[in-house]
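Same order as they appear, the protein sequences are chains A and B.
For the first sequence, my numbering begins at 8 and goes up steadily by one.
For the second sequence, my numbering begins at 403 and goes up steadily by one.
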Amino acid sequence: MRVALFLTCVNDTLYPDTGRAVVKLLTRLGVDVDFPMGQTCCGQAHYNTGYRHEAEPLARHFSDVFGEYEAIVTPSGSCGAMVRELYPRMGERARAEGRGDTLAQTLAPVVPKTYELTEFLVDVLGVTDVGAYYPHTVTYHPTCHGLRSLGLGDRPRRLLQAVKGLELRELPGADECCGFGGTFAVKNSDVSAAMGADKVRNAESTGADVLCAADNSCLMHIGGTMGRLNTGMRPVHIAEILASTEEEPLV
Amino acid sequence: MSGTFVGMPAFPKAAHEAVHNATLRGNLRHATHTIRSKRAKAVAEVSDWAALREAGKQIKDHTLRHLDDYLVQLEESVTAAGGIVHWAADADEANRIVVELVKMTGETEVVKVKSMATQEIGLNEALEAEGIHAYETDLAELIVQLGKDRPSHILVPAIHRNRGEIRDIFAREMSEWGRPAPEGLTDTPAELAEAARLHLREKFLRAKVGVSGANFMVAETGTLVVVESEGNGRMCLTLPETLISVVGIEKIVPTWQDLEVFLQTLPRSSTAERMNPYTSTWTGTRDGGAGEGDGPQTFHLVLLDNGRTDTLADEVGRQALRCIRCSACLNVCPVYERAGGHAYGSVYPGPIGAILSPQLRGTGSEIDASLPYASTLCGACYEVCPVAIDIPEVLVHLRERVAEGGQATRGGNRVVLKPAKGHAAERAAMRAARWAFSHPGALRTGQRLASRTRRFHPRTLPGPGRAWSETRDLPAVPAEPFRDWWQRTQGGKEAEAK
Ligand code: SF4
């Protein structure tokens with residue numbers, strides 16, 4: 008199976024380790040991974056901030072770059088949700104605005120082929136035990152778009168529970184938003200910071216060493232808050248935990 | 403000062419104080435979390451919740467699509483039952499009508515059933531200006547009125563107050579308005595409720611005019627419906643001789659049977675009850691149909707537009723008119739929980755307020771232009787909404803209107819709106835980012851530049867980014883972006899050249 012990694016612009020620029028972890032993990036599971044060099048950004052920030060028309064060329068570009076692959080895998084719940092939930096809406100609205108079917112037809116092929124990483128592992132590859140080893144206490148934060156737009160359900164937690172050495176602790180108020188929300192973090196920074204601080208305190212109360220999530224944008228906000236509150240906890244992307252093995256442990 | 407809302411500062415500024423007020427945040431957190439978990443339980447009891455939610459959505463959408471027909475039908479059936487229907491295009495007109503109607507009775511006092519519509523138009527202030535005292539009879543509304551405060555929640559207007567604060571308000575203010583609070587009043591719920599009961603009883607027995615809203619209006623019979631928990635509304639609806647109901651035009655349902663759906667979804671979503679303790683229905687006047695009966699001698703229905711027709715003209719935004727004001731979206735909203743209801747600058751706070759107010763009032767003011775951004779788009783509001791209003795979708799739609807301008811309907815006319823002030827820099831940044839993202843080479847150059855200069859990156863940011871670095875550490879820029887690593891090693895297949 009030839010699969011394209013859609014890493015997302017944030018991960019490519021700021022979190023290359025997550026990208027390397029996805030490649031290592033999927034390769035270990037026998038998947039042939041490609042990274043199309045033409046990829047950039049799915050347009051989520053544009054769309055959600057109210058610049059829907061600026062997002063359209065990016066969506067078209069996405070389709071050009073990824074349209075040929077059997078499956079597209081992304082380690083980001085919110086970018087996955089952008090493609091799966093919002094690309095069809097962009098097409099519909101172009102139609103409603105009298106611009107015809109072209110956009111809808113261009114975007115349609117990539118929509119059903121795009122998977123968030125944990126979804127791809129559980130639903131497509133059919134594995135929950137990926138042979139990982141990670142001897143730490145971990146608490147899992149289900150990010151909003153993963154939880155509500157994609158409906159990831161307990162897939163990430165099942166994957167984590169199967170990791171050797173890992174002890175999973177339940178996060179109180181897990182389904183509450185961490186307060187990132189893209190530009191919300193800057194436009195409404197007081198509220199965003201208060202939400203982040205509450206999330207971090209809840210995470211701290213579990214006594215875990217690591218807070219794990221399937222989206223680095225939320226982890227950037229939570230981790231940045233942890234740093235400021237001196238919790239001693241670390242934010243880690245789920246891909247990095249799942250890629251960690253006894254031979255090559257994540258340190 | 404129940405105060406006007408226009409001229410409120412933008413949401414982030416209005417929220418600033420609430421976020422840093424520990425008592426307020428504690429009160430809100432406690433109240434919303436309690437009702438949140440109760441609601442979840444009450445909803446889980448119903449096996450066909452998803453079907454009920456869909457049915458509610460369908461009924462509302464159907465009614466809104468044929469609103470003109472159902473309004474005419476409603477007017478006919480209300481008139482046939484002995485009521486008098488008035489049409490009000492905006493708040494001023496509605497207030498003028500009600501003031502006139504009260505003056506015609508010769509009374510200077512009215513008792514009020516808790517109603518969002520009359521708050522929306524500022525009726526109490528309009529009556530006061532004409533020397534007519536309006537007494538709120540809902541317990542929480544009474545607390546707000548006595549405290550010269552503004553409501554901060556749709557269902558629990560005094561949610562921001564704790565028991566101690568309520569005791570102080572009662573002890574201080576009740577004597578100004580009527581029967582004083584009993585000596586030595588404590589803050590136990592039973593004593594507070596009893597003080598309110600005695601205070602209100604006087605008002606009920608004296609009042610000749612009642613003013614209400616309605617949760618629903620049934621087009622086929624001209625029946626109005628109010629659901630409530632305390633029974634004060636029922637007193638106001640049965641005792642006075644004249645009843646004036648002010649209701650938004652979107653509150654219609656076609657038939658009695660349609661109520662079946664909402665009388666299940668509304669109580670479970672709002673107060674986590676299986677049924678509302680009091681469901682009152684009234685149709686026209688006492689002798690409008692056939693002689694004897696109860697109810698008012700004179701009944702006026704004021705049908706309120708006030709931006710609703712304009713909202714209906716918006717294909718994406720019109721779903722906000724499905725709202726049955728259950729307030730479930732407020733109780734799950736993490737932003738509402740921290741910012742409090744007052745920050746939304748409207749009688750409709752929380753997620754529904756963030757999409758309804760900028761549609762009813764337009765996006766011209768600072769506060770209305772900021773409301774679509776008062777959300778992280780986490781989707782919790784959509785998940786709980788019993789009529790499936792996709793609030794995040796409407797928020798993004800309104801953000802576009804604020805940031806880019808575009809077509810809208812105001813006062814029944816199609817207008818082209820200019821972008822709101824303060825978005826020029828953002829718009830330019832979005833365009834630039836779109837350009838870079840459409841040219842992978844440019845993106846790469848930027849990434850490399852960031853990596854190469856990473857030792858010089860500040861730990862705090864200038865400009866709008868400062869809001870980030872004030873409370874959060876910035877991530878460090880890595881030595882090498884992923885795509886460079888991939889190209890150098892072919893995804894790790896070639897040994898890494900260290
Ligand atoms: S938008 Fe939905 S959840 Fe919010 S108050 Fe209205 S009906 Fe209730």
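Beta carbons are placed, not taken as given, at the ideal position from N, Cα and C, and that holds for glycine.
Inset, instruction - Taking residue 555 of chain B and residue 732 of chain B to be in contact with their CB atoms under 8 Å, please state how far apart those CB atoms are, rounded to whole angstroms. - result: Indeed, because the Cβ distance is near 6 Å, the residues count as touching under 8 Å.
Legend entry - Cβ-based neighbour list, residue 900 of chain B, same chain, cut-off 8 Å, excluding 5 preceding and 5 following: Low confidence applies to residue 900 of chain B: its pLDDT is 49, below 50, so where it sits in the model is not reliable, and the reading given next is rough at best. Around residue 900 of chain B: no qualifying Cβ.
Legend entry - Proximity winner among B:616, B:836, B:677, relative to residue 521 of chain B (alpha-carbon distances): B:616
Inset, instruction - Report the neighbours of residue 127 of chain A on chain B: residues whose CB is nearer than 8 Å to its CB, in chain order. - result: Residues of chain B passing the Cβ test: none, with the nearest at roughly 17 Å.
Legend entry - Any 3 or more C-beta pairs closer than 8 Å across the region 507 to 523 of chain B and the region 696 to 708 of chain B: yes
Legend entry - Interface partners of residue 151 of chain A on chain B, CB under 8 Å: 778, 779, 780, 781, 782
Inset, instruction - Would you list the residues sitting across from residue 242 of chain A in a DSSP beta bridge? - result: As a beta-bridge residue in DSSP terms, residue 242 of chain A pairs with A:218.
Inset, instruction - Measure from the C-beta of residue 875 of chain B to each C-beta in chain A and report whether the shortest distance is under 8 Å. - result: yes
Inset, instruction - Flag residue 727 of chain B as yes when its Cβ comes closer than 7 Å to any non-hydrogen atom of the ligand SF4, and as no otherwise. - result: yes
Inset, instruction - Have a look at residue 691 of chain B and residue 815 of chain B and give me their C-alpha separation to the nearest angstrom. - result: Confidence at residue 691 of chain B is low in this model, with a pLDDT of 48, below 50, so the placement of that residue should be treated as unreliable; the coordinate-derived value is given next. Approximately 40 Å between the Cα atoms of the pair.
Legend entry - Neighbour list for residue 562 of chain B in chain A, Cβ cutoff strictly below 7 Å: What residue 562 of chain B touches in chain A: nothing, since even the nearest Cβ is about 16 Å away.
Legend entry - N- and C-terminal bounds of the beta strand (DSSP E) containing residue 700 of chain B: 700 to 706
Inset, instruction - Mind checking which residues open and close the beta strand (DSSP E) that includes residue 819 of chain B? - result: 815 to 819
Inset, instruction - Examine the ligand SF4 and report whether any of its heavy atoms sits within less than 7 Å of the Cβ of residue 730 of chain B. - result: Yes, the beta carbon of residue 730 of chain B sits closer than 7 Å to at least one heavy atom of the ligand SF4.
Inset, instruction - Starting from the C-beta of residue 178 of chain A, find all residues in its chain whose C-beta is less than 7 Å away, skip the five residues before and the five after it, and write them out in chain order. - result: 146, 147, 148, 209, 210, 213
Legend entry - Any C-beta of chain B under 8 Å from that of residue 241 of chain A: Not flagged as an interface residue toward chain B: residue 241 of chain A, since no C-beta distance is shorter than 8 Å.
Inset, instruction - With a threshold of 7 Å, establish whether the CB of residue 735 of chain B neighbours any heavy atom of the ligand GDP. - result: Because the ligand GDP does not appear in the structure shown, any question about it cannot be addressed here, the ligands present being the ligand SF4.
Inset, instruction - Buried or exposed for residue 500 of chain B, please, with buried defined as at least 16 other CB atoms from any protein chain shown within 10 angstroms of its CB. - result: buried
Legend entry - DSSP three-state assignment for residue 614 of chain B, whether helix, strand or coil: strand
Inset, instruction - Taking 8 Å as the cut-off, decide whether the C-beta atoms of residue 531 of chain B and residue 560 of chain B are in contact. - result: Cβ atoms of residue 531 of chain B and residue 560 of chain B: not closer than 8 Å.
Inset, instruction - Say whether chain A places a C-beta atom closer than 8 Å to the C-beta of residue 743 of chain B. - result: no
Legend entry - Euclidean distance between Cα positions of residue 239 of chain A and residue 670 of chain B: 42 Å
Inset, instruction - Give the residues of chain B in contact with residue 26 of chain A, contact being defined as C-beta atoms less than 7 Å apart. - result: Within chain B, the residues near residue 26 of chain A are 884.
Legend entry - Three-state secondary structure (DSSP) of residue 804 of chain B: helix
Inset, instruction - Tell me where the alpha helix (DSSP H) around residue 767 of chain B begins and ends. - result: From DSSP, residue 767 of chain B is part of no alpha helix (DSSP H); its letter is neither H nor E.
Inset, instruction - Pick helix, strand or coil for residue 555 of chain B, following the three-state DSSP scheme. - result: coil
Inset, instruction - Note down, in chain order, all residues in the region 437 to 458 of chain B with a beta-carbon under 8 Å from any beta-carbon belonging to chain A. - result: none
Inset, instruction - Could you check the C-alpha separation between residue 479 of chain B and residue 658 of chain B for me, to the nearest Å? - result: 13 Å
Legend entry - Touching by the beta-carbon criterion (3+ pairs, under 8 Å), the region 148 to 157 of chain A and the region 110 to 119 of chain A: no
Inset, instruction - Measure from the C-beta of residue 691 of chain B to each C-beta in chain A and report whether the shortest distance is under 8 Å. - result: The predicted model places residue 691 of chain B with a pLDDT of 48, which falls under 50 and marks its position as unreliable; any figure quoted below should be read in that light. No, residue 691 of chain B does not count as interfacial toward chain A.
Legend entry - Contacts that residue 893 of chain B makes with chain A (C-beta to C-beta distance below 7 Å): 30, 40, 42
Legend entry - Pairwise C-alpha distance: residue 79 of chain A and residue 13 of chain A: Cα-Cα distance, rounded: 6 Å.
Legend entry - Continuous alpha helix (DSSP H) assignments of at least 4 residues falling wholly in the region 572 to 618 of chain B: 591 to 608
Inset, instruction - Return yes when at least one heavy atom of the ligand SF4 lies under 7 Å from the C-beta of residue 760 of chain B, else no. - result: no
Legend entry - Between the CA atoms of residue 81 of chain A and residue 22 of chain A - distance to the nearest angstrom: 13 Å
Legend entry - Reference residue 236 of chain A, options A:220, A:224, A:222, A:203, closest by Cα: The residue with the shortest Cα to Cα distance from residue 236 of chain A is A:203.
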